[in-house]
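Below is one structure; the comments refer to it alone.
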Amino acid sequence: MSADADIAPIEAKEDMPAVPLMERLIRMPVALPLITFAVILIVWEVSVRVFAVPTYILPAPSRIITGFDAVPVSRWLEHIWATLRVALMGYAVSIAISLPIAVGLAKSRFLSRAFYPLLVVIQSVPVVAVAPIIIVVLGTDDAPRVVITFMISFFPLVVSMTTGLMATPPELIELSRSLRAPQFREISQIRLPYATPYIFSGLKISITLAVIGAVVAEFVAADKGIGYFIQFSTSMFKLPQAWAGLVLLIALSLILFQAVNLVQKVFFPWSLPKERR
Amino acid sequence: MSLVKDAITFAGVGQTFLTDTGPLTALRDVNLTLAQHEFVAVLGPSGCGKSTLLRLTAGLIKPTDGLVTVYGTPVTRPREDIGIVFQQATLLPWANVEDNVVFPAKHMRGRVSDKDRDHAREIIATVGLEGFETRLPGELSGGMQQRVGIARALFLNPDILLMDEPFSALDALTRDAMGLELLRLWQASPKTVMFITHSIPEAVLLADRVIVMSERPGHVVADLPVPLGRPRDEDSLRTPEMQDYAAHLRGLLIKKKAA
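Going line by line, the protein sequences match chains A and B.
Going by this note's numbering, the first sequence opens with residue 1, and the numbers climb by one from there.
Going by this note's numbering, the second sequence opens with residue 278, and the numbers climb by one from there.
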């Protein structure tokens with residue numbers, strides 16, 4: 001008995017009522033958002049032209065595309081790489097630091113009581129305001145940028161990992177104890193794999209935050225990177241190329257986000273809801 | 278030395294938990310003996326401390342009062358010769374059936390030998406899951422998942438099997454089938470079984486003896502042998518004698534509830 005066998009007779013019916021347009025659109029997961037996007041672009045383009053909006057206030061999409069010509073491709077790639085590098089380094093540091101913190105918080109009520117409030121305080125610090133201080137303290141190379149990226153992106157990871165580590169069914173912990181297994185195996189073989197869906201929620205939020213972190217760091221002190229480029233272009237009143245940089249940033253965030261999605265889909269398919277495997 | 282050994286004994290066992298709202302007495306002065314390879318059902322209302330009884334035997338918690346022994350030795354920590362089956366199968370969703378069954382070996386020793394895998398496949402066949410070794414738990418029905426749970430508990434070949442309402446999450450038909458399946462396994466390879474349940478027909482169909490517990494704080498209200506030979510099947514409970522027996526148990530449970 002297969003699912004096909006159940007569906008086939010229904011499809012074979014020829015007097016099926018026509019599916020309404022709205023229903024058909026909803027069933028197109030890729031086309032529908034693309035249509036929305038295209039409509040917005042057209043409305044944008046037309047309004048800018050009709051109302052003669054000055055470029056420094058809002059450039060039309062066609063004008064933004066010409067903004068990409070302002071710098072050669074090699075220079076764009078340099079900027080992209082600078083931003084990407086800092087974002088990924090900060091992200092890696094966030095993961096490396098969040099994991100032991102999360103294990104500590106999940107396993108020990110003492111650590112959780114003692115340190116969780118501190119983490120909330122760190123999270124509540126407006127990083128943009130602290131960034132200049134961090135640059136002064138740590139100098140102008142990658143270190144302060146990575147620290148700023150870390151500060152912006154680590155908290156969702158700690159929260160999601162801790163939540164995930166504590167979401168393990170108590171029966172499995174009892175099974176582990178009844179087998180008298182060492183603590184590290186309870187974490188590595190039960191709690192961590194169980195936390196995978198939660199960890200990936202955190203990883204997806206954090207990767208886009210890491211890009212934001214890298215850009216914030218570049219706003220404060222940098223001589224390359226897309227964030228630097230946007231700030232530089234704005235100060236020169238070259239708005240279309242600043243917008244072009246913004247478009248690249250959005251694309252970078254989306255690609256990184258999808259990359260995390262892909263890792264989950266390929267290596268941890270069981271951690272996704274059934275319909276998304 | 279007598280022919281029948283005592284597998285599990287409870288002597289004056291009391292259990293009090295400290296909760297946020299104050300102390301909670303789950304068990305009070307429980308005295309109970311399970312002979313080796315006896316199938317004993319523990320029947321009682323929800324929250325009467327049945328599961329606490331099971332966790333005490335497993336060595337997962339220590340009694341506040343009294344003494345729990347397994348084969349004459351006081352239980353101070355978990356033992357390898359005890360297998361546990363939980364209410365939910367609680368399998369590892371990322372591991373296939375075979376990996377779930379060998380999990381005790383992997384978890385205890387950190388690695389899995391070919392012998393472990395052969396052994397796992399044998400047990401998987403015994404519980405009727407041959408051909409499903411590489412399926413993930415999410416692809417199995419509730420009944421099949423619980424079969425995997427039982428296979429996992431049997432993997433270390435325990436002499437004592439503790440079952441905490443193992444079939445209560447299943448639909449009625451599957452539940453009956455699983456009960457008879459369990460009897461078949463138990464007869465093929467005798468074990469001391471402590472079977473926690475709140476279903477009277479299930480207790481009567483499976484057990485040699487039924488222990489009736491009171492509401493909290495739980496203690497033993499009645500300890501009755503089941504007047505029914507083996508092998509048993511779906512029809513075993515249809516006789517007037519068994520109907521009377523079940524009605525008697527129901528009376529004991531309801532009286533305790535009203536009191």
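For each residue, glycine too, the CB sits at the ideal point set by N, CA and C.
Since we're looking at a predicted model, the values are computed, not measured.
- Phe37 of chain A counts as exposed, since fewer than 16 other C-beta atoms from the protein chains shown sit within 10 angstroms of its C-beta.
- Neighbours of Pro355 of chain B in chain A, taken as residues at a C-beta separation under 8 Å, are given in chain order as Arg177, Ser178, Leu179, Arg180.
- The beta carbon of Ser328 of chain B lies closer than 7 Å to those of Asp441, Ile473 in the same chain, with the five residues before and after it left out.
- Among the CB atoms of chain A, none fall inside 8 Å of the CB of Ala428 of chain B.
- The beta carbon of Ile101 of chain A sits closer than 7 Å to those of Val158, all from its chain and outside the five residues before and after it, given in chain order.
- With its beta carbon less than 8 Å from one in chain B, Arg185 of chain A belongs to the interface.
- Remark: fewer than three beta-carbon pairs, one from each stretch, lie closer than 8 Å, so the segment 118-130 of chain A and the segment 53-73 of chain A are not flagged as touching.
- Chain A places a beta carbon closer than 8 Å to that of Ala335 of chain B, counting this residue as a contact.
- When beta bridges are read from the DSSP output, Ile488 of chain B appears opposite B:Val319, B:Asp500.
- Within the segment 383-410 of chain B, the residues whose Cβ lies closer than 8 Å to any Cβ of chain A are, in chain order, Lys383, His384, Met385, Gly387.
- Any Cβ of chain B closer than 8 Å to the Cβ of Gln189 of chain A would place that residue at the interface, and such an atom is present.
- In its chain, beyond the 5 residues on either side, Ala303, Leu304, Arg305, Val307, Gly321, Cys325, Gly326, Lys327, Thr329, Leu330 have a beta carbon closer than 8 Å to the beta carbon of Gly495 of chain B.
- Think of a sphere of 7 Å around the beta carbon of Gly420 of chain B: no beta carbon from chain A falls inside it, the nearest being about 17 Å out.
- Fewer than three beta-carbon pairs drawn from the segment 192-200 of chain A and the segment 231-240 of chain A are found closer than 8 Å, and the two stretches are therefore not classed as touching.
- Contact of Gly415 of chain B with chain A by beta-carbon distance below 9 Å involves Trp270, Lys274.
- About 7 Å separates the beta carbons of Leu32 of chain A and Ile26 of chain A, which is inside the 8 Å limit, making them a contact pair.
- For Gly420 of chain B, no pairing in a beta bridge is given by DSSP.
- At a cut-off of 8 Å between beta carbons, Phe363 of chain B contacts chain A.
- Note: Gln292 of chain B is bridge-paired with B:Leu304 in the DSSP secondary-structure output.
- In chain order, Leu483, Arg509 place their CB closer than 7 Å to the CB of Leu460 of chain B, counting only its own chain and leaving out the 5 sequence neighbours on each side.
- For Met236 of chain A, there is no enclosing beta strand (DSSP E), since its DSSP letter is neither H nor E.
- Cβ neighbours of His314 of chain B within its own chain (closer than 6 Å, five residues either side excluded): Pro467, Thr469.
- Per DSSP, the unbroken alpha helix (DSSP H) holding Met385 of chain B starts and ends at 380-386.
- Within the same chain, and ignoring the five residues on either side of Ala335 of chain B in sequence, the residues whose Cβ sits closer than 7 Å to its Cβ are Pro355, Ile359, Ile361, Leu439.
- With respect to the C-alpha of Ser513 of chain B, the residue from B:Gly456, B:Val489, B:Leu530 having the closest C-alpha is B:Gly456.
- Taking the Cα positions, Thr293 of chain B is about 31 Å away from Leu431 of chain B.
- Rounded to whole angstroms, the gap between the alpha carbons of Leu447 of chain B and Met28 of chain A is 38 Å.
- For Asp297 of chain B, there is no enclosing beta strand (DSSP E), since its DSSP letter is neither H nor E.
- Per DSSP, Pro494 of chain B has no beta bridge partner at all.
- Within the same chain, and ignoring the five residues on either side of Val404 of chain B in sequence, the residues whose Cβ sits closer than 8 Å to its Cβ are Arg424, Val425, Ile427, Ala428, Leu431, Glu458, Leu462.
- The alpha-carbon separation between Lys383 of chain B and Pro240 of chain A amounts to approximately 60 Å.
- Distance check between Ile122 of chain A and each of A:Ile152, A:Pro182, A:Ile57 places A:Ile152 closest, using alpha-carbon atoms only.
- Not a single C-beta of chain A is nearer than 8 Å to the C-beta of Leu304 of chain B.
- One Cα belongs to Val30 of chain A, the other to Pro197 of chain A, and the distance between them is close to 24 Å.
- Taking 8 Å as the threshold, the shortest C-beta distance from Pro351 of chain B to chain A does not fall below it.
- Of the other Cβ atoms in all chains shown, fewer than 16 fall within 10 Å of the Cβ of Tyr56 of chain A; this residue is therefore exposed.
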